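A.B. asks: Heads up: the protein sequence lines correspond to chains A and B, in order. Residue numbering for the first sequence follows our numbering, beginning at 132 and increasing consecutively. Residue numbering for the second sequence follows our numbering, beginning at 1090 and increasing consecutively. Glycine included, each C-beta is placed from N, C-alpha and C at the ideal position. Bear in mind that the values here come from a model prediction, so they are computed numbers and not experimental data. What follows is a single structure, and I will ask about it in a moment.
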Amino acid sequence: MISLERPAVRAALRWLPAALAVTALAAFPFAVTKPYPINMGVVLFLAVLMGSAWNVLGGYAGQYSVGHAAYFGVGAYTAVLLFERHQVAPWFGLPAAMLAAVLVGVVIGGITFRLRGPYFVLASIAVAEIIRLAALHFRSFTNGAEGFVIASAPSIHLLGVELSFGTKRSFYWLTLALAVAAVLVSRAVLRARLGYLLLAIREDQDAAHSLGIGLSWNKNLALAISAALTGLAGAVFAGYTRFIDPSAAFGLDVSVRMVLVCLVGGIGRVEGPIIGAAILIPLEEVLRNPGGLETVGLLPRGSELVAFVGRWISPAHLLVDGLIMVLVILFAPEGVAGLLRRLRARRRESAAAAPSPAP
Amino acid sequence: MILLLQAILSGVLVGGVYALIGIGLTLIFGVMRVINFAHGELVMLGMYVTWLLFVKLGWDPYLSILAVAPLLFVWGAVLQTTVVNRVLDALPQNQILLTIGLGLVMSNAVMLAATSDYRLVSTSYSSASFDLGGLSVSYPLLLSFLVTVAVTVALYLFLLRTDTGQAIRATAQDRLAAQLMGIDVRRMSVLAFGLGAALAGVAGALVAPTYYIYPQVGAAFTLKAFVIVVLGGMGSVVGATLAGVLIGVTESLAAVYVASGLKELVVYVLFLVLLLVKPSGLLGKTRA
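Take a look at the structure:
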């Protein structure tokens, strides 16, 4: 019999819950085929991907960028332009999108990383706005405010099986895989040497610098990883919605929502974006499209609740985002992950303080 | 030549209103060291109050200032005491996120109440102009500019000549020292936020006749206000006044000589250059 104490077994056991969860999520579309939950899954996985991407720079290195829409949009436009103008297939478009986002990131990083605190935040917003305005203005290159509607969905031949990129289900699995990969990358960064250097920079830039940690190089490295994942998300998003315009790609709300996902879950923690997305996205999706609850049978047809939410809340579902943002900063600036940890610490404390049972 | 003069003139007139927005923001930053990212939304609220008074009661936009200023003052004071005051010691990044959240709440609440339709305050003089030595002067812009000048002068007098104004300036200069001198810094913070909000609201009323009014209109004002505040030196009221006019002229020149769609882009690029070259701004001394 295998002992549960053997290191290999213990390691396997530690990974077991995560592996089971991913397997269950991957099997989900076989059990449920309604478009509403599948769509919610895609949006959720994209949010995990983007949150993890932001977390590497914002959470670990402490560089609160509120301009990540720049990388998201550059990724989206790169893939769409390649596909629409040069008929480059999306699976080549995705790496190209990542590369483009990294290149843009290196340029932006070179400019903004000299700034600190609020100045960095302002500069990051300004850069994203500059790109958005440029995308609006240079119509011959970007189609301006009209953007692009992608008419035909390409399919991919993988191991002899034809997978169509046109279906929600294929995007479900694709984004699930990408989200898992992003979380693993985020975890690997945190545990690697780079992670420690980034944390040192976050805690005290000047002290880190005086210890010989290269600020510019390490911040740019974090930004490159972050931008690559964000650009990837942008390209996948554009392929999924089959539509892209400057405000959907470069809008301030894209950047804000990336921060929000991390903020709610816990900035600077690997599990932060997962928790944040799991809380925010279902809430957002239900408020945005309450009718979907009727299609999956969670609420009866013609439900008054759905009518109420659809009439009064859906047009302004960002209101809830704003409220959550304010409340989290006021009452739980470390996010849900931080709350859980505090709770656990308190329980352990009270357990330790409790009188030991009489012999 | 006439084109250049025309561009500069329009720029100065628009810049006056920008200055008003910037002064409000810099006042808030100076006293509380909080960057108010919901500032543009306060301008937006001012526009909507003006529109509402215009549509429901037939008030002239310039008359509505009398209602907008006190309303926004109270709203700003409420925001300060209930929300912003709690994060005075938090990380600046968290303060920014908090005010971004407040902005989202305001713009989406307005969207719920008034839908996202574009609204217009079309007065008889909205597009009227007169000729001044070959230059065309927009009547509403000139009127706005004159009101701006009056408001700015009144604000300067208040800050320089009254005890409360002195106390606000003292708090901005050194919060702790001001407190030790017996100044109620919490009250000054509430006052400053209220004043800043009122100025933003007045600016909203002033631009209402010449702008489309919609719930998301604030975002552009927020970023522009920041450019003005940084350019003028964070916390400097005089600097913000000059910078507002300067940004107005820059925009106007960029619209004429670059492209009207790129006027804001030019301003933001200059902003980045400024942050890198002289982050303390035109009149600032310290580097934050």
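Alpha carbons only, please: which of A/ILE444, A/ILE460, A/ARG473 is nearest the one belonging to B/ALA1202?
C.D. replies: Cα-wise, what sits closest to B/ALA1202 is A/ILE444.
A.B. asks: State yes or no: is the C-beta of A/VAL238 within less than 8 Å of the C-beta of A/ILE356?
C.D. replies: In this structure, A/ILE356 does not lie closer than 8 Å to A/VAL238 by Cβ.
A.B. asks: Indicate whether at least one CB of chain B lies closer than 8 Å to the CB of A/ALA265.
C.D. replies: For A/ALA265, the answer is yes, since a Cβ of chain B falls inside 8 Å of its Cβ.
A.B. asks: Between the region 374-394 of chain A and chain B, which residues of the former have CB atoms less than 7 Å from a CB of the latter, in chain order?
C.D. replies: So the list reads LEU383, VAL387, VAL390, LEU394, given in the order they occur along the chain.
A.B. asks: Between A/SER317 and B/LEU1093, what straight-line distance do the alpha-carbon atoms span, to the nearest angstrom?
C.D. replies: For A/SER317 and B/LEU1093, the distance between alpha carbons rounds to 53 Å.
A.B. asks: Under 8 Å between the Cβ atoms of A/ALA338 and A/ALA210?
C.D. replies: Not a contact, by the Cβ cut-off of 8 Å.
A.B. asks: Quick one: is B/GLY1119 buried, meaning 16 or more other Cβ sit within 10 Å of its Cβ, or exposed?
C.D. replies: Buried, by the Cβ-count rule.
A.B. asks: If you draw a straight line from the alpha carbon of B/LEU1221 to that of B/GLY1350, how long is it in whole angstroms?
C.D. replies: Cα to Cα, the separation comes out at about 27 Å.
A.B. asks: Where does A/PHE368 fall in DSSP's three states?
C.D. replies: Looking at A/PHE368 - three-state DSSP - the assignment turns out to be helix.
A.B. asks: Is any beta-carbon of chain B found at less than 8 Å from that of A/PRO249?
C.D. replies: It does; some Cβ of chain B falls within 8 Å.
A.B. asks: Might you give, ordered along the chain, the residues of its own chain that have their beta carbon closer than 6 Å to the beta carbon of A/ALA409, omitting 5 neighbours on each side?
C.D. replies: Closer than 6 Å at the Cβ level, and outside the excluded window around A/ALA409, lies no residue.
A.B. asks: Figure out for me which residue from A/VAL179, A/ARG145, A/LEU307 has the closest Cα to the Cα of A/ARG400.
C.D. replies: Ranking the options by Cα distance to A/ARG400, first place goes to A/VAL179.
A.B. asks: Spatial neighbours of A/ILE256 within its chain, please: CB distance less than 6 Å, with the 5 preceding and 5 following residues excluded, ordered by chain position.
C.D. replies: VAL197, GLY198.
A.B. asks: Count the C-beta pairs between the region 1185-1194 of chain B and the region 387-395 of chain A that are closer than 8 Å, then say yes if the count reaches three, no if not.
C.D. replies: Yes: at least three Cβ pairs fall under 8 Å.
A.B. asks: Consult DSSP for B/ASP1273 and reduce its assignment to one of helix, strand or coil.
C.D. replies: In the structure shown, B/ASP1273 sits in coil (DSSP, three-state: anything other than H, G, I, E or B).
A.B. asks: From which residue to which residue does the alpha helix (DSSP H) around A/PHE302 run?
C.D. replies: Unbroken alpha helix (DSSP H) run through A/PHE302: 299-322.
A.B. asks: When the cut-off is 8 Å and only beta carbons count, does A/TYR327 lie next to chain B?
C.D. replies: It does not; no Cβ of chain B falls within 8 Å.
A.B. asks: With a cut-off of 8 Å, do at least 3 Cβ pairs link the region 211-228 of chain A to the region 342-358 of chain A?
C.D. replies: Contact fails: fewer than three Cβ-Cβ distances are below 8 Å.
A.B. asks: Here's a check: name, in chain order, each residue in its chain whose Cβ is nearer than 7 Å to the Cβ of B/GLY1307, leaving out the five neighbours to either side.
C.D. replies: Cβ neighbours of B/GLY1307 beyond the five flanking positions: GLY1129, GLU1130, VAL1132, MET1133, GLY1192, SER1196.
A.B. asks: Can you name, in chain order, every residue of its own chain whose Cβ lies under 8 Å from the Cβ of B/SER1225, other than the five neighbours on each side?
C.D. replies: Contacts found: GLN1095, SER1218, PHE1219.
A.B. asks: Using a Cβ cut-off of 7 Å, pull out every chain B residue sitting near A/GLU260, in sequence order please.
C.D. replies: The answer, in chain order, is LEU1312, TYR1357.
A.B. asks: List the whole-angstrom C-beta distance separating B/VAL1291 from B/LEU1109, where the pair is believed to meet the contact cut-off of C-beta under 8 Å.
C.D. replies: The pair is a contact, with the Cβ atoms about 6 Å apart (cut-off 8 Å).
A.B. asks: If you run the structure through DSSP and keep just helix, strand and coil, what is A/PRO138?
C.D. replies: If DSSP states are grouped into helix, strand and coil, A/PRO138 belongs with the helices.
A.B. asks: By Cβ distance below 6 Å, which residues in the same chain neighbour A/SER183 in space, the five residues on each side in sequence not counted?
C.D. replies: So the list reads ALA313, VAL314, SER317, PRO404, once near-sequence residues are dropped.
A.B. asks: What does B/GLY1119 reach in chain A if we use C-beta pairs closer than 9 Å?
C.D. replies: Ordered by position in chain A, no residue passes the 9 Å Cβ test against B/GLY1119, which lies about 14 Å from the chain.
A.B. asks: Please list, in chain order, the chain C residues whose beta carbon lies closer than 7 Å to that of B/GLU1353.
C.D. replies: Any reference to chain C falls outside this structure, whose protein chains are A and B.
A.B. asks: Using a Cβ-Cβ distance cut-off of 8 Å, determine whether B/GLN1182 contacts chain A.
C.D. replies: B/GLN1182 counts as touching chain A.
A.B. asks: Secondary structure at B/ARG1376, three-state DSSP: helix, strand or coil?
C.D. replies: Legend: pLDDT at B/ARG1376 = 41, less than 50; position of this residue unreliable, value from coordinates given subsequently. Three-state DSSP puts B/ARG1376 in coil, outside helix and strand.
A.B. asks: Name the DSSP beta bridge partners of B/PHE1219, please?
C.D. replies: B/PHE1219 is bridged to B/VAL1226.
A.B. asks: With DSSP run on the structure shown, which of helix, strand or coil describes B/ARG1122?
C.D. replies: Coil, per DSSP.
A.B. asks: Kindly list, in the order they appear in chain B, the residues whose Cβ is closer than 7 Å to that of A/TYR195.
C.D. replies: The contacting residues are GLN1182.
A.B. asks: When the Cβ atoms of the region 317-328 of chain A are set against those of the region 145-155 of chain A, are three or more pairs found closer than 8 Å?
C.D. replies: Touching, no.
A.B. asks: I think A/GLY441 touches A/PRO421, with their Cβ atoms under 8 Å apart; what is that distance to the nearest whole Å?
C.D. replies: Yes, they are in contact, since the Cβ atoms of A/GLY441 and A/PRO421 sit about 5 Å apart, within 8 Å.
A.B. asks: Looking at the C-beta of B/THR1375, does it have a partner C-beta in chain A at a distance below 8 Å?
C.D. replies: Only weak support is given to the placement of B/THR1375: the predicted model assigns it a pLDDT of 46, under 50, and the value that follows is read from those uncertain coordinates. Answer no: the Cβ-Cβ gap between B/THR1375 and chain A never drops below 8 Å.
A.B. asks: Let me see if you follow: with CB-CB separation under 8 Å, is B/ILE1317 close to chain A or not?
C.D. replies: Output row for B/ILE1317: interface = no.
A.B. asks: Within this structure, are the beta carbons of A/ARG432 and A/GLU425 separated by less than 8 Å?
C.D. replies: Cβ atoms of A/ARG432 and A/GLU425: closer than 8 Å.
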